[in-house]
Amino acid sequence: MRHARSAGWLGLTTVIVSLVFALGQGGCSRPAGPGNTSGGKADGRPRIALVMKSLANEFFATMADGAKAHQATAGNRYELITNGMRSETDVSEQVTLIEQMVARGVAAIVIAPADSKAIVPALKRAADAGVLVINIDNRLDPEVLAEAGLKAPFVGPDNREGARRAGEAVAKQLDAGDEVAIIEGIVTAFNGQQRALGLEDAATAAGLRIVARQSGQWEMEKANGIAAAMLSEHPALAAILCANDSMALGAAAAIEASGRRVLLSGFDNVPAVAPLLADGRLAVTVDQHGDRLAVEGIETALAILAGAAAPEDRTTPVDLVTGKP
Amino acid sequence: MSAPAGAVVLRAEGISKAWSTPVLDRVSLDLRGGEVHVLMGSNGAGKSTLAAILGGLVPADAGQMTLGPIPHAPRSRAAAEAAGVVMVLQEMNLFPGMSLAENLFLDRLPSRFGLVDRATLHRRAVVALERVGLGELDPRMPLARLGVGKRQLVEIARALDRRCRVLILDEPTAALSARESDLLFDHIRRLVSEGVSVVYVTHRLDELPRIASRVSVLRDGRFVAEHLGGNVAPGRLIEEMSGRASPQGSAAASAPAGDVVLAVAGLERGARVRKVSLEVRSGEVVGLAGLVGAGRTELLRTIFGADPASAGSVRVGDGRAGLLRSPRQAVAAGIGMLPEDRRHDGLLLGQSMRVNALLLPGQPRARSGWIDRPAERRAAEAIRTGMEVDCTSIEQPVGQLSGGNQQKVVLGRWLAAGCRVLLCDEPTRGVDAAAKGTIHRLLREFVNRGGGVLLASGELAELRAICDRVLVMAGGRIVAEFERGWSDEAVTAAAFESAVPTSVEKAGHSS
Amino acid sequence: MNRTRLGEWGVLVFVWLGLVALFGTLADHFLSATTLTTVASRLPALAVVAAGMTLVIIAGGIDLSVGSVMALSGAVLGVAIVQWGWPLAAAIPVAILTGALAGLGTGLVTVGLGIPSFLVTLGSLEICRGLTYAVCDSRTLFIGAAIRPLAQPMPILGIPPTVPVALAVVVAAQAILSRTVFGRHLVAIGASEPAVRLAGIDTSTPRVAVFVLSGALAGLAAVFASARLGSADPNAGAGLELAAIAAVVIGGTSLSGGSGSVVGSLLGVLVIATLEAGLAQLGASEPLKRIVTGGAIIAAVAADALRRRWEGERG
């Protein structure tokens, strides 16, 4: 009995240690300056934290790589700490990360929020502690921001406009009255909602009929199952519009399995869709220049810190990437 | 609380109960104030079911019960206890991870402001434990540290602490040593003198003269006979329980002892087993006597490699002397073991008799990893016949078999494995008189074919019936050896005398 | 024993037919060949993982790492084909071996240090996911044509070749469980490990082996999943362990070990896959999907418990 109990503790300790390691890996990409944590500046350089969603999502992996490259080439003007979470949706983990970054005395947090609302109070606390907050990628809810009294400049693409243009590109190849389906992302995320709205805008404008609309939770596997079900339930389906490329990959496999010709759109332009674009299985995707996104956020932060710019929103460019017709 | 002696306290009339087959058939029973009413019968006679009905564990299909003037129809054990009828279960109903005190008072923890009042709890626990002679144990100690015997005492203490008019004990001494049983009997007598009535379920004939005011015998769910007082001729009781003449002198005279089949030298395991050396010869049954905690179980487990030894050596037959590091090595060397806790360590209760009987390394009936099913069935049938296992078929789960039949399955497994030495730990605990005789006979046949048996038992009568020699253990050592013809007093004295001087080690003292 | 088994399976088949009838009425095109294909292609990965999980649970353990192990094997498969240019026939064994090695690690730690497998696999779940991201650099690998033959429906049957392979695995696992000494020992260890050890049987080897098997089957599942999606997703298999455990439990295997069947788990997988396909075709909202799936798990387990009680009363 006693033996079993000590074995239990041993197990627990093992798990905790491995968890700590797992988090540590995703933690700082660069050791802190020696013994200097005052005012968010190490060696006089501002310390900037980039807080993202899951680094397992290649969109954010790309974003992190872009930021690191920028930091290295920008002549060490600033110190960079990149952080990601283990899962896309774990809000509490991101809150913890924000608190840790404040504790490490960063000058600015550049954040891609996991949730448009729930993360605001934590950011407000950070701002109260004197940390500049820059919002990238997924826009924080303006009402909640106003209520919390937090000013966080948004630097990022217009997701709704990007999605609308992708939808428009697909609609051009269809006739009014054709059936289309939408696979949206996580419905609680602002960018997910915006993209779904944009796709809807395009479909309505072109007179297409939206016969199915479900959430693929941003995931390939889920989207695959949903797309398969949509295809069998709607024999006349002409296009599937997806809110990201992971889900588009899943839908592409389902379309292929059905042996039908259905147009497909995505969002993000991840490298894995390149072959699909090349042979036309993916009609269009949207490149919002993820690698540039974080860099834009960091540049904005640096400018504001240096007093060279006013804290206001900036829209970054999005481009359509079309496949072989 | 006290009823006038002799008046009927609890009356049951025409009680019937059927599971898949009838278990009780119109049985009636009177329990008078201040008496110990013993229910006797072999396994399957229905005595435990009757006790369970009285104690509210199972409802009767037909019949009425009255407790004094009022009808007694408890819907649960708790309801029966509220009415003053408390039952101690044969299957222990305790929580190993909790402290003794918590186990004793789990359903009525004293509390202040919603928090457990530990001081009161422990004070009451000490009182309750003293009642069963465990007063020196720390009530904060987890139950898991106690052996089976002491756990049974805790369970009894839990029942005794309740204000009860009727106490039902279902084979309470099955797991107790002789001294613990004595203590229990003292308490029962004291309770009876206070006016409590006791229903006592047992199949041990030797307990009757010491405790019974009245004996009722059940057989196949029916009432067979009633005797006043505990001095009933054993032969007559066996006849009534079995429905046939008793098999007298089951332990046949032993064959002359042959070569050494098991030699243990200087075996040690911490403070539990200390420099034990012994020999078992072919044709010999060697007994291990001693108080609970003397180290009998630990010695057997250490020989078998189930617990790691720190020093010493074990030799089987002409094999190499050395330590057995695992039961696997022990079995390969030709040793088999009937563990103390047969239900947990010996059997897979949910599995069939066939699976259990052939649970052996390498599965002898297998061809290159695949089980040869017809051969397996034949082997299981052979064990069923050879061991006289009473089961509906070889596919019946062993959990449904009686204790005696379960033990025969384990025994049959080792005989089928062709082992030379058997280590038996309380082989007939919870086994009825008839099955006990069969098991003793099978063990005797085994040694007569050249095997050797080392048998630990807390029951002196069992050691007398079957053993050629008896070794007495105390404090992890072998302290005395007796040839046939020993007296109970001599063996008990040896166990105690050696235990007392070494009472520096708490184990010897508090057991 | 066999009668009980058939009764168990009967209940599941009944539940499944009920689902098919229900969705057939509610959704327009549910009873069609496409739906069959959809369910059939969802089946293989979950079925082989559930088969491994069944054996682990029967032996008294649990494997929470299957989802991550599947992702890791998938990543290795993807890297081997896309980056190293290996042929599929060479990459598949490597993927399966990867899973087996992960299982070996889990098994050795569990048995060697005597730590409950629940905790060890909680750790290996993290470790394998981390390794997955490291192997594929957190990027989805598009495999494409190289793996397509496995996902292409076969002529006449209309189902991809992964389905018969998965069914063969299930049948083999059931045969191992009920016909071999190894299987017998797994059941016995799950019922009472001390009793098996005291019977002189080596319990360590089967306990490690069952985790190796579970890992290898997760590796095989990775091949199936990659074939279906045409790519290797580093986030694949998140929550797969729960789906597999649900299927195993629905299939009538006792979570405390010592009894159960692989065929039952397959029926559990069938129920889950049908439920998923049906709800998606109905266009059910995400909250409703989760509520219904959870309710179905409880209902299936409750039906099984009621059946047992009923049979128990009849004796």
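Protein chains in written order, with my numbering: chain A, 35 to 359; chain B, 10 to 520; chain C, 862 to 1176.
Just so you know, even glycine gets a beta-carbon here, dropped at the ideal spot from N, CA and C.
Keep in mind it's a predicted model, so treat the numbers as computed, not measured.
Could you spell out the range, first to last residue, of the alpha helix (DSSP H) harbouring residue i?
{"i": "Leu242(A)", "result": "First-last for Leu242(A): undefined, no H or E at that position."}
{"i": "Pro80(A)", "result": "Unbroken run through Pro80(A) is the beta strand (DSSP E), Arg79 to Ser88; no alpha helix (DSSP H)."}
{"i": "Ala336(B)", "result": "Correcting the residue type first, residue 336(B) is Pro in the shown sequence and not Ala. Pro336(B) -> alpha helix (DSSP H) spans Pro336 to Ala342."}
{"i": "Tyr994(C)", "result": "Ser978 to Cys997"}
{"i": "Arg294(A)", "result": "Taken as a continuous stretch (DSSP letters only), Arg294(A) belongs to no alpha helix (DSSP H), as it is neither H nor E."}
{"i": "Lys388(A)", "result": "The question about residue 388(A) has no answer here: the residues shown for chain A are numbered 35 through 359."}
{"i": "Ile338(A)", "result": "Gly324 to Leu339"}
{"i": "Asn457(B)", "result": "Ala442 to Asn457"}
Enumerate in chain order the residues of its own chain whose CB-to-CB distance from residue i is below 6 Å, with the five nearest sequence positions on each side excluded.
{"i": "Ala156(A)", "result": "Val129 and Ile132"}
{"i": "Glu1137(C)", "result": "none"}
{"i": "Met264(A)", "result": "Ala215 and Ala246"}
{"i": "Ala920(C)", "result": "Leu1047, Ile1050, Gly1051 and Val1071"}
{"i": "Ser934(C)", "result": "Ala956, Thr959, Gly960, Gly1080 and Ala1083"}
{"i": "Gly355(B)", "result": "Pro348 and Val419"}
{"i": "Gly1129(C)", "result": "Ala1108, Ile1111 and Gly1112"}
{"i": "Ala56(A)", "result": "With a pLDDT of 48 at Ala56(A), under the threshold of 50, the modelled position of this residue cannot be trusted; read the value that follows with caution. For Ala56(A), where only same-chain residues beyond five positions count, there are no Cβ hits under 6 Å."}
{"i": "Arg990(C)", "result": "Ser929"}
What are the partner residues of residue i, as DSSP defines its beta bridges?
{"i": "Val481(B)", "result": "Ala298(B) and Ala489(B)"}
{"i": "Trp1171(C)", "result": "Partner(s): none; Trp1171(C) has no beta bridge."}
{"i": "Met119(A)", "result": "Ser88(A)"}
{"i": "His46(B)", "result": "Val208(B) and Arg223(B)"}
{"i": "Ser299(A)", "result": "Leu275(A) and Val318(A)"}
{"i": "Ala465(B)", "result": "Leu297(B) and Asp434(B)"}
{"i": "Thr971(C)", "result": "DSSP output for Thr971(C) lists no bridge partner at all."}
{"i": "Ser25(B)", "result": "Ala71(B)"}
{"i": "His550(B)", "result": "Outside the displayed range of chain B (10 to 520) lies residue 550(B), so it cannot be described from this structure."}
What residue from the options has the CA that sits closest to residue i's CA?
{"i": "Asp924(C)", "options": "Glu987(C), Gly1044(C), Pro1021(C) and Arg1151(C)", "result": "Glu987(C)"}
{"i": "Gly353(B)", "options": "Pro948(C), Ala1029(C) and Ile1050(C)", "result": "For the sequence presented, residue 353(B) should be read as His rather than Gly. When each option's Cα is compared against that of His353(B), the closest is Ile1050(C)."}
{"i": "Ala287(A)", "options": "Leu271(A), Gly357(A) and Arg315(A)", "result": "Arg315(A)"}
{"i": "Ile62(B)", "options": "Gly43(B), Leu33(B) and Arg41(B)", "result": "Leu33(B)"}
{"i": "Leu1103(C)", "options": "Gly885(C), Ala1166(C), Gly973(C) and Arg1151(C)", "result": "Arg1151(C)"}
{"i": "Ser1075(C)", "options": "Gly913(C), Gln944(C) and Ile1017(C)", "result": "Gly913(C)"}
{"i": "Asp212(A)", "options": "Val355(A), Leu242(A) and Gly196(A)", "result": "Leu242(A)"}
{"i": "Ile247(B)", "options": "Arg223(B), Asp215(B) and Gly292(B)", "result": "Asp215(B)"}
{"i": "Ala148(A)", "options": "Ala306(A), Phe224(A), Arg229(A) and Glu253(A)", "result": "Phe224(A)"}
{"i": "Phe188(A)", "options": "Ala182(A), Leu174(A), Arg198(A) and Glu181(A)", "result": "Leu174(A)"}
{"i": "Ala1099(C)", "options": "Val874(C), Met931(C), Arg866(C) and Glu869(C)", "result": "Met931(C)"}
If I measure Cβ to Cβ from residue i and keep anything under 7 Å in the same chain, skipping five residues before and after, which residues do I get?
{"i": "Ala503(B)", "result": "Val481, Val488 and Ala489"}
{"i": "Ala1105(C)", "result": "Leu907, Val910, Ala911, Met914 and Val927"}
{"i": "Ile260(A)", "result": "Ile217, Gln248 and Gly250"}
{"i": "Pro256(B)", "result": "With a pLDDT of 44 at Pro256(B), under the threshold of 50, the modelled position of this residue cannot be trusted, and the question is left open."}
{"i": "Ala237(A)", "result": "Gly201, Ala205, Val214 and Ile244"}
{"i": "Ala152(A)", "result": "Val125"}
{"i": "Thr1066(C)", "result": "none"}
{"i": "Arg866(C)", "result": "Ser1122"}
Could you spell out the range, first to last residue, of the beta strand (DSSP E) harbouring residue i?
{"i": "Thr182(B)", "result": "Thr182(B) -> no beta strand (DSSP E), and no H or E assigned at all."}
{"i": "Leu273(B)", "result": "Looking at the sequence provided, one finds Val at residue 273(B) rather than Leu. That run of the beta strand (DSSP E) goes Val269 to Arg278."}
Quick one: residues in its chain with C-beta nearer than 8 Å to the C-beta of residue i, no 5 flanking neighbours on either side, listed in chain order?
{"i": "Ser202(B)", "result": "Gly43"}
{"i": "Glu307(B)", "result": "Arg278, Arg281, Val282, Asp316 and Gly485"}
{"i": "Ile24(B)", "result": "Leu33, Arg35, Val36, Ser37, Leu38, Leu59, Ile62, Ala69, Ala71, Gly72 and Met74"}
{"i": "Thr1001(C)", "result": "Ser1092, Ala1093, Asp1094 and Pro1095"}
Quick one: is the Cβ of residue i within less than 8 Å of any heavy atom of the ligand NAD?
{"i": "Asn110(A)", "result": "Inclusion of the ligand NAD in the displayed structure is not the case, the ligand content being empty and no account of it being possible."}
- Message: Could you check whether the region 327-336 of chain B touches the region 305-319 of chain B, counting it as contact only if at least three pairs of C-beta atoms, one from each stretch, sit closer than 8 Å?
- Response: yes
- Task: Inspect the CB distances between the region 329-339 of chain A and the region 159-168 of chain A and report whether three or more fall short of 8 Å.
- Result: yes
- Are the region 447-459 of chain B and the region 357-368 of chain B touching, with three or more C-beta to C-beta distances below 8 Å? no
- Query: When the Cβ atoms of the region 119-136 of chain B are set against those of the region 204-215 of chain B, are three or more pairs found closer than 8 Å?
  - Reply: no
- Within the chosen definition, does the region 95-112 of chain A reach the region 288-298 of chain A through at least 3 CB pairs nearer than 8 Å? no
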